[in-house]
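In the numbering used here, the protein residues as written are 17 to 176.
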């Protein structure tokens, strides 16, 4: 079963008929064209989708990180207002690392386990936190990591 965020992303890309969209095309579709979210909420949703690993940056545009053709969009679908509510606690910390790994995998076409092993190796060799090691490996593969800084920083300082 697909998450609501995945359904929204699949809907936007299916509706446009394109494989990549700019950030503006995404949030303007959500706010102005469809009226599902306010402009600010739509911008936050795009940022959320990036940090969740549901969207990946390709130059100045974005593409879904999952096969949208396999996503079932219910007839008459309209997203709920709590579309981008995030989880809290240790589950979210683990999810951040997993989401970073997912983005690296889609960028490099390597397996999840290979990337996870590489992150674990860097974590042990350089004595890094898992999230920081994931960012380090992502950067090595030229994956844009700017959208992850705030989430990782928040988790690092929450550990104290």
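Even for Gly, the Cβ is constructed at its ideal location relative to N, Cα and C.
One question on the structure: do residue i and residue j come within less than 8 Å of each other, judged by their Cβ atoms?
i	j	result
residue 147	residue 171	yes
residue 62	residue 43	yes
residue 153	residue 135	yes
residue 71	residue 79	yes
residue 122	residue 81	yes
Using the rule of at least 16 other Cβ atoms within 10 Å of the residue's Cβ for burial, across every protein chain shown, is residue i buried or exposed?
i	result
residue 83	exposed
residue 165	exposed
residue 31	exposed
residue 33	exposed
residue 128	exposed
Is residue i helix, strand or coil when you go by DSSP?
i	result
residue 83	coil
residue 35	coil
residue 42	helix
residue 28	helix
residue 145	coil
residue 151	helix
residue 71	strand
residue 77	strand
residue 19	coil
residue 165	helix
I believe residue i touches residue j by the beta-carbon criterion, under 8 Å. Please report the beta-carbon distance rounded to the nearest angstrom.
i	j	result
residue 89	residue 21	Contact flag wrong, Cβ pair sits at about 13 Å.
residue 67	residue 167	6 Å
residue 87	residue 52	That belief does not hold up - the Cβ atoms of residue 87 and residue 52 are roughly 17 Å apart, past 8 Å.
Any C-beta of chain C sitting closer than 8 Å to the C-beta of residue i?
i	result
residue 126	The structure shown has no chain C; it contains just one protein chain.
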